[in-house]
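Asks: Please read through the structure below; I'll follow up with questions.
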Amino acid sequence: MRHLQDGIFALGALAGVAMIAGPTFGSTDWWGYLFAALAAAAMCGYTLLSARIGSRGPASSGIRGLAVSITIGALLWLPATATAIPRMTRQDWLLAAFIGAFGLALAFSCDAFAASATGPAVVGVFFSLDPVVSSVVGLVMLGQVLSVPAYVGIGLIVVSGAAVTWKANRSAARITTHTEALQIIDTQQIPRID
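Going by the numbering used here, the first residue of the sequence shown is number 3, and it counts up by one from there.
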């Protein structure tokens, strides 16, 4: 039942993202559709793997696991970026360090912590808040006009996020309440059966 509810909330968030994106199916840019599907699959894999790796133990969880995965990712991209390294200026290196610290290390640390603390369903729904924030920034700061379906999509995402958070908090409260009721059994007082 829990997974069904998580799936419903995730589908609600997905529908909200699609409504914010708007009707783009009239386009025949199949490469765009392919890359969007690949990006969605990569984000799904990232969400599931970060939760799994974060719960494996102290060797791979937290900052250690994150540092290893970012290092592996950087090494995998090295052949594609090696030609640009000699042309980088001091300002380019400072910008790369800033993006690495805040765009990667801080953001992925928060993602990994959230995934191990709450689970991939919660984190997946919260990733759908990105288009909501972008839409609100576009509306408030850039004066963009949102369509009615975009507002409905924002509502779907917010409701899905609130429901997932409420459900996760209820589960956490239930766990902490029931653990207080458990009795600790002294194993030395249990009679041995030979």
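Glycine residues also receive a C-beta, built at the ideal position from the N, C-alpha and C atoms.
Could you check if Leu-158 is buried or exposed, using at least 16 other CB atoms within 10 Å of its CB as the buried criterion?
Replies: Taking the first residue of the sequence shown as 1, we reach residue 158 at position 156. Per the 10 Å Cβ criterion, buried.
Asks: What distance in whole Å lies between the Cβ atoms of Thr-49 and Pro-122, which are believed to be in contact at a cut-off of 8 Å?
Replies: Start at 1 with the first residue of the sequence shown, and residue 122 comes out as number 120. Start at 1 with the first residue of the sequence shown, and residue 49 comes out as number 47. Contact flag correct, Cβ pair sits at about 5 Å.
Asks: Could you tell me if Ser-130 is buried or exposed, where buried requires 16 or more neighbouring beta carbons within 10 angstroms of its beta carbon?
Replies: By one-based count along the sequence shown, residue 130 stands at place 128. When all chains shown are included, Ser-130 counts as buried.
Asks: Given that a residue counts as buried once 16 or more other Cβ atoms are within 10 Å of its Cβ, and exposed if not, what is Phe-11?
Replies: For the purposes of this step, residue 11 is taken as the residue at position 9 of the sequence shown. Counting Cβ neighbours within 10 Å, Phe-11 comes out buried, since at least 16 surround it.
Asks: Is Ser-162 near Val-127, with beta carbons less than 9 Å apart?
Replies: Counting from 1 along the sequence shown, the entry for residue 162 is found at position 160. Counting from 1 along the sequence shown, the entry for residue 127 is found at position 125. Yes, Cβ-Cβ distance for Ser-162 and Val-127 is below 9 Å.
Asks: Mind checking whether Gly-155 and Ala-17 have CB atoms under 9 Å apart?
Replies: Looking up residue 155 in the sequence shown gives position 153. Looking up residue 17 in the sequence shown gives position 15. Taking 9 Å as the Cβ cut-off, Gly-155 and Ala-17 qualify as a contacting pair.
Asks: Is Gln-7 helix, strand or coil when you go by DSSP?
Replies: Walking along the sequence shown from the start, residue 7 turns up at place 5. Gln-7: helix per DSSP, three-state reduction.
Asks: Please give the ranges of any alpha helix (DSSP H) in the region 107–138, keeping only runs that are unbroken, at least 4 residues long and fully inside the region.
Replies: Runs found: 109–120, 122–129.
Asks: For the alpha helix (DSSP H) that contains Leu-144, what are its first and last residues?
Replies: As a working note, residue 144 is residue 142 in the sequence shown. Unbroken run through Leu-144: none, as it is neither H nor E.
Asks: Expressed to the nearest angstrom, what Euclidean distance is found between the alpha-carbon atoms of Asp-94 and Pro-25?
Replies: As a position in the sequence shown, residue 94 is number 92, starting the count at 1. As a position in the sequence shown, residue 25 is number 23, starting the count at 1. Their backbone Cα atoms lie some 38 Å apart in a straight line.
Asks: CB-CB under 6 Å to His-180, same chain, minus the five flanking residues each way: which ones, in chain order?
Replies: Taking the first residue of the sequence shown as position 1, residue 180 is located at position 178. Residue confidence is low: His-180 scores 47 on pLDDT, short of 50, so the model does not pin down where it sits. No coordinate-derived value is stated.
Asks: Look at the alpha carbon of Trp-33 and the alpha carbon of Val-134, and state the distance between them as a whole number of angstroms.
Replies: Locating residue 33 in the sequence shown gives position 31, counting from the first residue. Locating residue 134 in the sequence shown gives position 132, counting from the first residue. Distance between the alpha carbons of Trp-33 and Val-134: 25 Å.
Asks: Are the CB atoms of Val-124 and Val-150 within a distance shorter than 9 Å?
Replies: Numbered from 1 along the sequence shown, position 148 holds the residue referred to as residue 150. Numbered from 1 along the sequence shown, position 122 holds the residue referred to as residue 124. No, these two residues do not count as a Cβ contact at 9 Å.
Asks: Would you tell me roughly how many angstroms separate the C-alpha atoms of Ala-103 and Leu-97, rounded to the nearest one?
Replies: Taking the sequence shown and counting its residues from 1, the one referred to as residue 103 is at position 101. Taking the sequence shown and counting its residues from 1, the one referred to as residue 97 is at position 95. Cα to Cα, the separation comes out at about 10 Å.
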